[in-house]
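Residue numbers (the working numbering): 142 to 248.
Don't be surprised by glycine CBs; every beta carbon is placed ideally from N, CA and C.
As the structure is a computational prediction, the values presented were derived from the model and not from experiment.
Notes to accompany the following structure.
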């Protein structure tokens, strides 16, 4: 299965950092809230397909890959509904660096 072009940079990052896990955050007013039904982090293999499904549903998404060492450890998938403006991106905590980020507008 070929992923749509907007997902390509995200999939490439996951190939470079195969142990990265994702946390899904949803826009709620001017803040981000953790997805209610997500008890565990999403593993790297699931991330591109989950993101593709969100895009097919018309949601917008911003992603941010963070880590403390030489590898991205956490990928934040921040999602918002069409017709809304998402909150500002969270800041990386001290000691964490940004390994990549991207934005895909809502349809």
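query                                                                                                                                           : result
Span of the beta strand (DSSP E) holding residue 217?                                                                                           : 215-221
According to the Cβ coordinates, are residue 220 and residue 207 closer than 8 Å?                                                               : no
Quick check: the Cα distance between residue 197 and residue 191, rounded to an integer number of angstroms?                                    : 10 Å
Extract the residue ranges of the beta strand (DSSP E) inside the stretch 156-202, only unbroken runs of 3 or more that lie entirely within it. : 162-169 and 172-175
Roughly how many whole angstroms lie between the Cα atoms of residue 195 and residue 239?                                                       : 23 Å
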